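129 is the number of the first residue of the sequence shown in our numbering; add one for each residue after it.
Note that the Cβ used here is the ideal one computed from N, Cα and C, for glycine as well.
Nothing here was measured: the structure is a model prediction, and the numbers come from that model.
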Amino acid sequence: MRYPKLVLAVLLTALTLTTTAALPAAAKSGSNDRDNKPEVSAAPRQQIKINSDGKVQLDGMKVTAVSPVAAGSIPLTVTTTATWGSTVFTWTIKTSNSTKFVSRPRADAASGDIRVGNLLSVQGTLDTTVSQPTVNASWIKNWTNSPKPQTFEGTLKSVAGTTKPTSLVVTVGSADHTVNLTAETAVLNHWWSWANLADFVAGHKLQIFGTLTAGSSPLGVINATVIRNLSLR
């Protein structure tokens, strides 16, 4: 979305847009378990502020995309939107190792624990090197509780790579799920000893401990903390 120079100049002077429209009380997590639905606290009204020095404050921004998908990955790029009637403002949020992450109800949140559907407040500086409105974030508050970890059991369908970070496709029940592994994900065998991803083959029975992410992929996405291969003994 490109903004004419005149419009951008006006925005840089001072732009504050607010709305009294009620924010959604909850976002669907993709699970039928009501305990896995993220709850939203009393987030501030939608607001966009750009000061003349390029400092930016965004409130009530809804996350529409996260890259990379794997939770905890930094740097993280987040696409967010704010909507007033038929007008949609799209902002790209760039993070770095110095970005401060805050989440309700904890004072500190795991870095990069941001998911599609979350509501954010962002502080940072305008990136004037790109045409798409972009913020280099110094501080992000996530007003949405992250999904609770669950245990999933399924059958391995494919492995993207044999070194972490990587991803698997696992059939849980009747549905395929992408399972994201970060560098910190524990990979274990049936006896709870360390296992090698190179030994994982299609058809193996897996037990996965992690969180289900809604909307990140055509497949349901599980961000795994522990992968246990019940077929490796």
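Rounded C-alpha distance that separates residue i from residue j
i, j, result
"Ala-330", "Lys-285", "5 Å"
"Ile-350", "Leu-358", "18 Å"
"Asn-308", "Ser-295", "4 Å"
"Val-258", "Leu-325", "40 Å"
"Val-354", "Ile-178", "42 Å"
"Gln-278", "Thr-341", "11 Å"
"Thr-339", "Gly-348", "11 Å"
"Ile-221", "Ser-249", "11 Å"
"Pro-371", "Ile-176", "Since the first residue shown for the chain is 129 and the last is 361, residue 371 is missing from the structure and cannot be characterised."
"Ala-352", "Asp-255", "33 Å"
"Trp-212", "Phe-280", "39 Å"
"Ser-274", "Ala-311", "20 Å"
"Gly-289", "Thr-209", "33 Å"
"Lys-183", "Lys-333", "51 Å"
"Asn-225", "Ile-202", "7 Å"
"Thr-272", "Arg-173", "14 Å"
"Leu-247", "Met-189", "5 Å"
Range covered by the beta strand (DSSP E) that runs through residue i
i, result
"Thr-341", "333-341"
"Gln-175", "175-178"
"Arg-356", "348-357"
"Gly-282", "278-287"
Proximal residues to residue i (C-beta, below 6 Å), its chain only, five neighbours per side dropped
i, result
"Gln-251", "Gln-185, Ser-266 and Trp-267"
"Ala-193", "Thr-207"
Buried versus exposed call for residue i [16 or more other C-beta atoms within 10 Å across all chains shown]
i, result
"Ala-303", "exposed"
"Asp-187", "buried"
"Trp-320", "exposed"
"Thr-299", "exposed"
"Gly-301", "exposed"
Sequence-distant residues of its chain with Cβ nearer than 8 Å to residue i (five each side left out)
i, result
"Asn-160", "Because the pLDDT of Asn-160 is 43, which lies under 50, any placement of that residue in the model is unreliable, and the question is left without a value."
"Lys-228", "Ser-266, Trp-267 and Ile-268"
Close beta carbons around residue i, own chain, < 7 Å, minus the five adjacent residues each side
i, result
"Ala-323", "Val-315, Leu-316, Asn-317, Asn-357 and Leu-360"
"Asp-327", "Leu-360"
"Asn-264", "Lys-222, Gly-252, Thr-253 and Asp-255"
For this session: Please list the segments of the beta strand (DSSP E) lying wholly inside the region 187-261, counting only runs of 3 or more residues, in order along the chain.
Result: You should have 205-212, 215-222, 228-231 and 247-254.
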